[in-house]
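Asks: The structure under discussion is supplied below as structure tokens; questions concerning it will follow.
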Amino acid sequence: MYYLDSLRDKDGGDIYRTKAGFRYPLSKDRSGRYKVKSGETLRVCMTSDFFLEEADPWRDEAWEIIRQRPDVKFFLLTKRPQRVAEHLPRDWGGGWENVMFNVTCENQRRADERIPILLELPFKHKGIMCAPFIGAVSIAKYLPGGQIEQVLCDGENYDGARPCHYEWVKSLHDECAAYNVTFVFCSTGRRFVKDGRLYKIESGVVRSEQAYKSGLSFRGRPIEYKLTDEWGYPISNDAYRPYFGERCQSCGMQLTCNGCSKCGKCL
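The opening residue of the sequence shown carries number 4 in the working numbering; numbering runs sequentially from there.
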């Protein structure tokens, strides 16, 4: 996060409400149609944390935006699940169908701290993100209940990256496959260890391709989002068909990707 912010001449320690893009899910084109199409997935606050204490003053506005787009899937991620219960909307009930909630579990200590809280929270869709994956993690004891729908993992990718080990990834894959839970090996990270050898992989494209070539990603049981339009009518599962370019065919993110926007950034 600090590295990405530095590329934008920002201090990663500063917490603020963005001026541009905050209401992007409600943006419309000249014909009055939403720019974000029905069925798309939006990853929210990915270089920060949706449940930071400093974000309390404007989080309700973000919830209102999510409420207004029941046809769009919103991916939320936090390291602070202990703050979540007190900061859900009043009409949350058992959760909204268009929200996928994930906790970060970079090692076993964090997994055992955060996953039990995750399992107690009222969300329709729950997942785990092991990123940056810096230590072996076992989640087998948390999977039998069927609440966890997906697990993503990624090595560390920036300056000073700590190594990710193949054995850690394979173990997570095996546990998820045993319970038919989708597992996505997004990227090897900048430093990857396999068969006792340390690989230094500087290219983000190569890191993703190597994760894909490993064959460790696994498509488990379908995640059933019951999306609706603004009037409450169901949205077809075929409402949004993402474009996948040539590069996408060997990308580690393929199982969880929203589709290619043809921006060219991965070239």
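C-beta: ideal position from N, C-alpha, C; glycine also.
All figures in this text were calculated on a predicted structure; none of them were measured in a lab.
On a Cα-Cα basis, can you pick out the residue from Phe-126, Gln-111 and Pro-84 that is closest to Trp-95?
Replies: Locating residue 95 in the sequence shown gives position 92, where the first residue counts as 1. It is Phe-126.
Asks: Counting only runs of 4+ residues fully inside the region 53-121, write out the alpha helix (DSSP H) ranges in chain order.
Replies: For the region 53-121, whole alpha helix (DSSP H) runs of length 4 or above, ordered along the chain, are 59-71.
Asks: What's the C-alpha gap between Pro-28 and Asp-74?
Replies: Position 25 of the sequence shown, counted from the start, is the residue given in the question as residue 28. Position 71 of the sequence shown, counted from the start, is the residue given in the question as residue 74. So the two alpha carbons sit approximately 11 Å from each other.
Asks: Buried or exposed, going by whether 16 or more other CB atoms sit within 10 Å of the CB of Val-39?
Replies: Within the sequence shown, the letter at position 36 stands for residue 39. Answer is buried; the Cβ neighbour count reaches 16.
Asks: Would you identify the three-state DSSP class for Pro-28, choosing helix, strand or coil?
Replies: Numbered from its first residue, the sequence shown carries residue 28 at position 25. In this structure, Pro-28 counts as helix in the three-state DSSP scheme.
Asks: By Cβ distance, which residues of its chain are closer than 7 Å to Ile-137, with the 5 residues on each side in sequence left out?
Replies: Position 134 of the sequence shown, counted from the start, is the residue given in the question as residue 137. So the list reads Glu-109, Asn-110, Glu-159 and Arg-165, once near-sequence residues are dropped.
Asks: Who are the near neighbours of Gln-85 in its chain, counting only those whose CB is closer than 7 Å to its CB and skipping five residues on each side?
Replies: Within the sequence shown, residue 85 is the residue found at index 82, counting from 1. Closer than 7 Å at the Cβ level, and outside the excluded window around Gln-85, lie Ile-120.
Asks: Please report the straight-line C-alpha distance between Ser-253 and Asp-177, rounded to a whole angstrom.
Replies: Against the sequence shown, residue 253 aligns to sequence position 250. Against the sequence shown, residue 177 aligns to sequence position 174. Approximately 21 Å, taken between the alpha carbons.
Asks: Relative to the alpha-carbon of Trp-66, which residue among Gly-98, Lys-82, Arg-244 and Gly-149 has its alpha-carbon at the smallest distance?
Replies: What you label residue 66 is simply residue 63 of the sequence shown in a count that begins at 1. Answer by Cα proximity: Gly-98.
Asks: Taking its Cβ as the centre, do 16 or more other Cβ atoms sit within 10 Å of Val-172, making it buried, or is it exposed?
Replies: Along the sequence shown, one-based indexing puts residue 172 at 169. Looking at its Cβ environment, which holds 16 or more other Cβ atoms inside 10 Å, Val-172 is buried.
Asks: Taking only three categories from DSSP, how would you classify Leu-258?
Replies: The residue you call residue 258 lines up with position 255 of the sequence shown. Three-state result, Leu-258: helix.
Asks: To which residues of the same chain is Lys-197 closer than 8 Å at the C-beta, ignoring the five residues directly before and after it?
Replies: Within the sequence shown, numbered from 1, the residue matching residue 197 stands at position 194. Answer for Lys-197: His-168 and Tyr-169, listed in chain order.
Asks: I want to know whether the region 187-203 touches the region 217-228 - three or more CB-CB distances under 8 Å.
Replies: yes
Asks: At which residues does the alpha helix (DSSP H) containing Gln-150 begin and terminate?
Replies: Here residue 150 corresponds to residue number 147 of the sequence shown, with the count starting at 1. Taken as a continuous stretch (DSSP letters only), Gln-150 belongs to no alpha helix (DSSP H), as it is neither H nor E.
Asks: When you compare each of Ile-226, Glu-233, Gly-148 and Leu-201 to Met-103 by their alpha carbons, which one comes out closest?
Replies: The residue labelled residue 103 in the question sits at position 100 within the sequence shown. Of Ile-226, Glu-233, Gly-148 and Leu-201, the residue nearest in Cα terms is Ile-226.
Asks: To the nearest angstrom, how far is the alpha carbon of Cys-179 from that of Val-140?
Replies: The sequence position of residue 179 within the sequence shown is 176, counting from 1. The sequence position of residue 140 within the sequence shown is 137, counting from 1. Taking the straight line from one Cα to the other gives about 12 Å.
Asks: Taking only the alpha-carbon atoms, compute the straight-line gap between Trp-61 and Gly-148 and give it to the nearest angstrom.
Replies: Sequence index remark: in the sequence shown, residue 61 carries index 58 (1-based). Sequence index remark: in the sequence shown, residue 148 carries index 145 (1-based). Their Cα atoms are separated by approximately 34 Å.
Asks: Helix, strand or coil, according to DSSP, for Leu-10 in the structure here?
Replies: Counting from 1 along the sequence shown, the entry for residue 10 is found at position 7. Note: Leu-10 maps to helix in three-state DSSP.
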